[in-house]
Amino acid sequence: MVTMADVARMAGVSTATVSHVLNGTRPVRARTRELVLSAVAATHYTPNTVARSLATARTTTMGLVLSAISNPYFGELLSAAENAAAAAGYTLLLVDPHEDPDYELTVVTRLHHHRVDGMVLAPSARPDEALAYLRRHEVPTVLLDRLIDPAHDQVGTENREATAALTGHLADHGHTRIALITGLDGLATTIERRDGHRDALSARGLPIDPELEVSGASVTETSRAAVRQLLALRDPPTAIVAGNNSMAIGMLQALREAGLVVPCDVAVAAFDDFPWADLLSPRLTVVAQPFDEIATTAVRLLLARISDPGTPPSTRRIAPQLRIRESCGCPP
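Going by the numbering used here, the sequence shown opens with residue 1, and the numbers climb by one from there.
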């Protein structure tokens, strides 16, 4: 088997220089770097990552614990996080706990046993056991999207004010019965967006009607049933806000099945943008989350935590963008 010493002899350099070139641990002159890489190619040398991890106590892997990866928003987060991790020389190990707190603890434990250097976790509605495990074993951790514990580094969107702006925009069009399709009960994002919706109603002197807050459980089919429930009310809403993009799809499906025209019959808006929202007719008014910035910040926070475990934890709220289109009743 080819060793690092074989590469060093062929390149005419020390094994330490080969190590610096391959691991990026110290600047090496361009010509020397070329010699080393040529020798690596000629000998077909493969670094022993297991031995290196034992020597450095790091595996250059990080876990990403992310439920509902079929959700377009989480798919975008995953892509951005993978790019940021790869740029830092890390491999991302993805697991989906399916919003199940028991399974969340299981996958967190498995990732820890795989000796990941740290984890980025979008916590479930009841993450106490998983978080306790991570704290007990001093695993560097960053909470993603759902900000629930300032004892950890965490990064996500500003939800409350953004949802208030979305609901307020519909109210400013003259709507007084504005429904909200809420996400999965107990999630931090569900609570914050519901609070923002209520803030907008209260600020305009509109009543908070429990009939107009219906759970879509963060998924398409449940949202579809929730909209049917709203349309069956004796006094149905004239505007609806969907709490995420998967629920927006269910909302639009239910309205189409009911033969209602957006925005003439019902005005709609949603939290989360997605690539084809701008292709709908009418185009969908949304709050767009800066997923690339969120994911990149999460990876950077984790790398900083891995490098210096003793620094105080940091919470980052990144402002989303209100994108006004036509589904709310605005002209093109």
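We put the beta carbon where it would ideally sit given N, CA and C, even for glycine.
Where E213 falls: helix, strand or coil (DSSP): strand
Of all the alpha helix (DSSP H) runs that stay within the bounds of the segment 224 to 279, which reach a length of 4 or more residues? 245 to 257
Bounding residues of the alpha helix (DSSP H) (the contiguous stretch that carries D195): A188 to A203
Quick check on L54: buried or exposed, where buried means 16 or more other Cβ atoms within 10 Å of its Cβ? Below a pLDDT of 50, predicted positions are generally treated as unreliable, and L54, at 44, falls in that range; the measurement from the model is reported next regardless. So L54 ends up on the exposed side.
Identify, in the order they occur along the chain, each residue of the same chain with its Cβ nearer than 7 Å to the Cβ of S14, setting aside the five sequence neighbours on each side. A8
Reduced DSSP category for D153 - H, G, I as helix; E, B as strand; rest coil: strand
May I have the straight-line CA-CA distance separating G335 from L184, to the nearest angstrom? A question about residue 335 goes unanswered here, because the residues of the chain that appear run from 1 up to 332.
Assuming A39 is part of the alpha helix (DSSP H), what are its boundary residues? A30 to T43
L322, DSSP secondary structure in three states: strand
Please state the DSSP three-state secondary structure of V95. strand
Would you call the segment 191 to 199 and the segment 217 to 226 touching, i.e. three or more CB-CB distances under 8 Å? no
Could you tell me whether the segment 264 to 281 touches the segment 299 to 306, where touching means 3 or more Cβ pairs closer than 8 Å? no
Thinking C-beta only, is T176 closer than 9 Å to T109? no
Give me the Cβ distance between A39 and A11, rounded to the nearest whole Å; I'm assuming they're in contact under 8 Å. 4 Å
Can you tell me where the beta strand (DSSP E) with T61 in it begins and where it stops? T61 to V65
If you measure between the beta carbons of A94 and L66, is that distance less than 9 Å? According to the sequence displayed, residue 94 carries Leu and not Ala. Yes. Within cutoff.
In angstroms with no decimal places, state the Cα-to-Cα distance between A88 and A242. 36 Å
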